[in-house]
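No gaps in the numbering here: position 154 of the sequence shown is 155 in the numbering used here, and each next residue is one more. Don't be surprised by glycine CBs; every beta carbon is placed ideally from N, CA and C. Here is the structure we will look at, set down as structure tokens.
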Amino acid sequence: MPRELGATKVATGHHAHDFLAYYFKNLAGRHFEWNFKILPRLDGQGLILTRIRPLIFARPEENEELCRSLGLPFSEVCCEYGLCGAAHAEVYEMIYAARRRDPDFDLKLLGGIVDFNLKYGRSTHGKVRRCEICGEPSSGVICAVCKLRLRLGTSPGLKSPKPL
2 MPRELGATKV ATGHHAHDFL AYYFKNLAGR HFEWNFKILP RLDGQGLILT RIRPLIFARP
62 EENEELCRSL GLPFSEVCCE YGLCGAAHAE VYEMIYAARR RDPDFDLKLL GGIVDFNLKY
122 GRSTHGKVRR CEICGEPSSG VICAVCKLRL RLGTSPGLKS PKPL
């Protein structure tokens with residue numbers, strides 16, 4: 002969709018605690034290289050659009066307050082589609098427990114992760130192909146959005162006619 006609109010970048014709505022949960026889940030799953038994607042800007046290449054994360058250092062309660070003040074809809078649950086996994090709530094509990102001792106622990110930790118990533122590594126996109134359903138870039142045969150749509154029983158997108 003962003004490509005059809007002429008976009009060269011995509012802004013995501015993930016906040017600081019989303020990235021911290023992602024970080025710890027990747028450590029536990031031994032997906033260390035995935036943590037190099039935790040940056041305010043992840044440059045695109047080839048089929049992949051650049052991703053910007055304007056809310057990377059915003060806390061969930063700050064996002065909620067902003068949405069309320071602007072009258073924007075938002076969900077109070079982690080993920081309406083059940084994609085967060087079992088450890089998501091536990092990571093959030095750990096973050097809030099640490100913030101009771103140091104109110105800025107979460108932002109200090111995330112700042113350290115970003116600084117580390119900028120100094121020691123960059124994320125690579127790996128092999129990129131087109132999703133067989135919608136034609137958008139994907140690391141697998143079917144992209145994550147189409148997998149979700151199939152799981153929910155909604156209509157996936159149409160295949161793009163553009164070759165790789």
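- Per DSSP, the unbroken alpha helix (DSSP H) holding residue 146 starts and ends at 145 to 153.
- Pairing residue 69 with residue 62, the inter-Cα distance amounts to about 10 Å.
- Residue 23 is classed as buried because its beta carbon has at least 16 other beta carbons within 10 Å across all chains shown.
- When rounded, the separation of the alpha-carbon atoms in residue 133 and residue 99 is 44 Å.
- In the pairwise beta carbon analysis, the region 47 to 55 is classified as touching the region 6 to 13: at least three pairs are separated by under 8 Å.
- Under the three-state reduction of DSSP, residue 101 is assigned to helix.
- For the 9 Å CB-CB criterion, residue 58 and residue 111 form a contact.
- Fully contained in the region 17 to 47 are the following alpha helix (DSSP H) runs of length 4 or more, in chain order: 17 to 29.
- With a cutoff of 9 Å on beta-carbon distance, residue 48 and residue 131 are scored as near each other.
- For residue 46, the closest C-alpha among the options 139, 155, 147, 144 is that of 139.
- Looking at the backbone, the Cα of residue 150 and that of residue 76 are separated by about 19 Å.
- Just measuring C-alpha positions, the residue of 120, 144, 122, 116 sitting nearest residue 129 is 144.
- A Cβ-Cβ distance of about 16 Å is found for the pair residue 60 and residue 89, leaving them out of contact under the 8 Å criterion.
- By the criterion of a C-beta distance shorter than 6 Å, residue 26 is surrounded in its chain by 88, once the five residues flanking it on both sides are discounted.
- The residue from 137, 101, 15 with its alpha-carbon nearest to that of residue 5 is 137.
- For residue 138, the three-state secondary structure derived from DSSP is strand.
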